[in-house]
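Below is one structure, written out as structure tokens; the observations come after it.
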Amino acid sequence: MFLITCRIYVIIYVGVVCTVYSSVCMVGLNIVIGAPHLVLISQLLMCGRWSICLYRSCLHYGDNITDMVFFVKNIFNQKLNNLYDSRVGRYVGFGEYGMKNADHFNSQAWKMALRKAQVETLCRYNARLFRRSTLDRKVPPIVRVRQTKPADYGERSMLECSVVGFFPQEVRVSWLRDGVEVTTDVSSTDVLANGDWSFQLHSYLELILKRGERVTCRVDHSSLKESLEVDWEYACLSQLTASRFTLPALPLGPNLLVCQLY
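If you use my numbering, the sequence shown corresponds to residues 16 to 277, in order.
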């Protein structure tokens, strides 16, 4: 959001025009996402009471942008004067002067052609750019498997599989024991938002530790070409039993860490 001081100026901002008769005006470009798959791209020039402002917005629902709707509102002294709706393909006026302005705009072939073209050049173009950097992007998860508290072989323990930093939100986490998926004694948090367009999830498996058994956390996500499997390493357990020291996680690649003990 930009704050601009202006006195009886004509301001042009990304195609938004405003004639201002007050001391202060604000220019902003807003992009809002709602549910489900609602994308609103709006350009708004907010001026003082005595002003003529142009407000343009693009709206669409669904997973694609073929149903894009383009609105242009002309506002005089904070009251709607006339409105262009791409679904109608013409201006509609409000009040005596609003209807006169609408008739004038509708009689201008170049303006009608411009508004029709802006559905593609302004709305769909910006929506594609926005989705490419937000909704359509893929970020693979970072996976870590650790033991939540010290336990020796034959004792009941709990393993935690932390899956963090992924986008989009949909993810599946499962546990394998010697290659066989298990569903008992398994719990999980909800998918949690990190506040930076990424998510995290933590899955837990209660088990009695057995020598030689392979325990694996498997993660399926749209950013991955195949399932990402991270094994719990019992070698770390023997070191823990002997020393009771905290051991760092062992990196095996850019997206996975094997074990970390307390």
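Yeah, the Cβ is synthetic: ideal placement off N, Cα and C, and Gly gets one too.
These numbers were taken from a predicted model, which means no experiment stands behind them.
Notebook entry, point to check: Under a three-way DSSP split, which group does asparagine 79 fall into?
Noted result: coil
Next item on the list: Just the C-alpha distance for valine 87 and alanine 132, rounded to the nearest angstrom, thanks.
Entry: 13 angstroms
Note to self: For a test of the three-state rule: what should DSSP assign to valine 206, helix, strand or coil?
What the structure shows: coil
Notebook entry, point to check: Can you tell which of Cys176, Gly194, Thr81 has its C-alpha closest to the C-alpha of tyrosine 219?
Noted result: Cys176
Margin query: Rounded to whole angstroms, what is the Cα-Cα separation between glycine 77 and aspartate 167?
Written below: 52 angstroms
Next item on the list: Spatial neighbours of proline 155 within its chain, please: CB distance less than 7 angstroms, with the 5 preceding and 5 following residues excluded, ordered by chain position.
Entry: Phe181, His236, Ser238, Leu239, Asn270
Next item on the list: Look at valine 160 and phenylalanine 85 and say whether their C-beta atoms are less than 9 angstroms apart.
Entry: no
Notebook entry, point to check: Any idea if tyrosine 99 is buried or exposed, counting beta-carbon neighbours within 10 angstroms, 16 or more meaning buried?
Noted result: buried
Item checked: DSSP-derived helix/strand/coil call for threonine 136 -> helix
Check: Using the beta-carbon count (16 or more within 10 Å), is valine 195 buried or exposed?
Finding: exposed
Item checked: Separation of leucine 216 from serine 189, as counted between CA atoms -> 12 angstroms
Checklist line | Runs of alpha helix (DSSP H) lying entirely within the region 116-187, each at least 4 residues, in chain order | finding: 124-133, 140-148
Notebook entry, point to check: Touch check for the region 108-125 and the region 136-149: three-plus C-beta pairs under 8 angstroms?
Noted result: no
Check: Three-state secondary structure (DSSP) at glutamate 241?
Finding: coil
Notebook entry, point to check: For valine 201, which option in Lys225, Asn116, Leu174 has the closest C-alpha, if you only look at C-alpha atoms?
Noted result: Leu174
Checklist line | Anticipated Cβ contact below 8 angstroms, cysteine 73 with alanine 142, distance rounded | finding: 7 angstroms
Notebook entry, point to check: Going straight from the alpha carbon of arginine 321 to that of arginine 187, what length do you get?
Noted result: Not covered by the structure: residue 321. The range shown for the chain is 16 to 277.
Note to self: Among the candidates Ile80, Phe214, Ala208, Pro165, whose CA atom is the shortest distance from the CA of isoleucine 223?
What the structure shows: Pro165
Next item on the list: Please name the residue, chosen from Glu221, Asp151, Lys94, Asn92, that lies closest to threonine 163 on a Cα-to-Cα basis.
Entry: Glu221
Item checked: Buried or exposed (CB count within 10 angstroms, at least 16 for buried), asparagine 89 -> buried
Notebook entry, point to check: For leucine 207, which option in Asp82, Gly110, Val178 has the closest C-alpha, if you only look at C-alpha atoms?
Noted result: Val178
Next item on the list: Report buried or exposed for threonine 231, applying the criterion of at least 16 other Cβ atoms within 10 angstroms of its Cβ.
Entry: buried
Check: So, using beta-carbon positions, are leucine 243 and valine 158 closer together than 9 angstroms?
Finding: yes
Check: Is the distance from the Cβ of valine 107 to the Cβ of asparagine 92 below 9 angstroms?
Finding: no
Check: Does DSSP put glycine 113 in a helix, a strand or coil?
Finding: helix
Notebook entry, point to check: Taking buried to mean at least 16 other C-beta atoms within 10 Å of its own C-beta, is glycine 110 buried or exposed?
Noted result: exposed
Check: Which residues mark the beginning and the end of the beta strand (DSSP E) in which threonine 231 is found?
Finding: 230-236
Notebook entry, point to check: Do you know whose CA, among Asp246, Thr149, Gly104, lies nearest leucine 129's CA?
Noted result: Gly104
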